[in-house]
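In the working numbering, the protein residues as written are 9 to 115.
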C-alpha cells in the first residue's frame, strides 16, 4: 500500500445538497389468495411494475414465507423461502406465490 502524501490522485467533493437524481416510485400491494394475504413490494408501478419481493401470510396471521426474483434486472429465477427457513426455486412469480399459498401452507 502506497502511503505517499504526494500522490497526484484527484479528490472529488460531494455536494450534500445536490439532487440525487430521480428515485423510482415504490408501492406495496396486497391481495387475498385462497384466504392468504399476499403482499408484494413493487418498484416503478406506472411503467415496469417489477416485484422486488413479496410475503405470504396464512389466514390465521402466521407467516407462510417470502418470495423474490434472484435476477432483479429481468425478474427471473424466483426463489421461495418458507417460514421454517427452507429455500426453493420457482419458475415464475405465479408459481412462487402458488407454492406458498397452496403447497407450503398446509401444516
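Yeah, the Cβ is synthetic: ideal placement off N, Cα and C, and Gly gets one too.
Every value quoted in this text rests on a predicted model; they were computed, and no experiment measured them.
* With DSSP run on the structure shown, which of helix, strand or coil describes residue 102? -> helix
* Candidates 83, 76 and 82, of which the one nearest residue 107 by Cα -> 76
* Would you mind listing the beta strand (DSSP E) stretches within the region 51-105 that are 3+ residues and don't spill past its ends, in chain order? => 58-65, 71-79, 84-90 and 95-98
* Is the region 19-26 touching the region 37-56, taking contact as three or more C-beta pairs under 8 Å? -> no
* Asked: With which residues is residue 41 paired in a DSSP beta bridge?
  -> 44
* Asked: To which residues does DSSP link residue 35 through a beta bridge?
  -> 50
* Apart from the five residues on each side of it in sequence, which residues of its chain come closer than 6 Å, Cβ to Cβ, to residue 104? -> 75, 86, 88 and 98
* Under the three-state DSSP convention, the category residue 111 falls into -> helix
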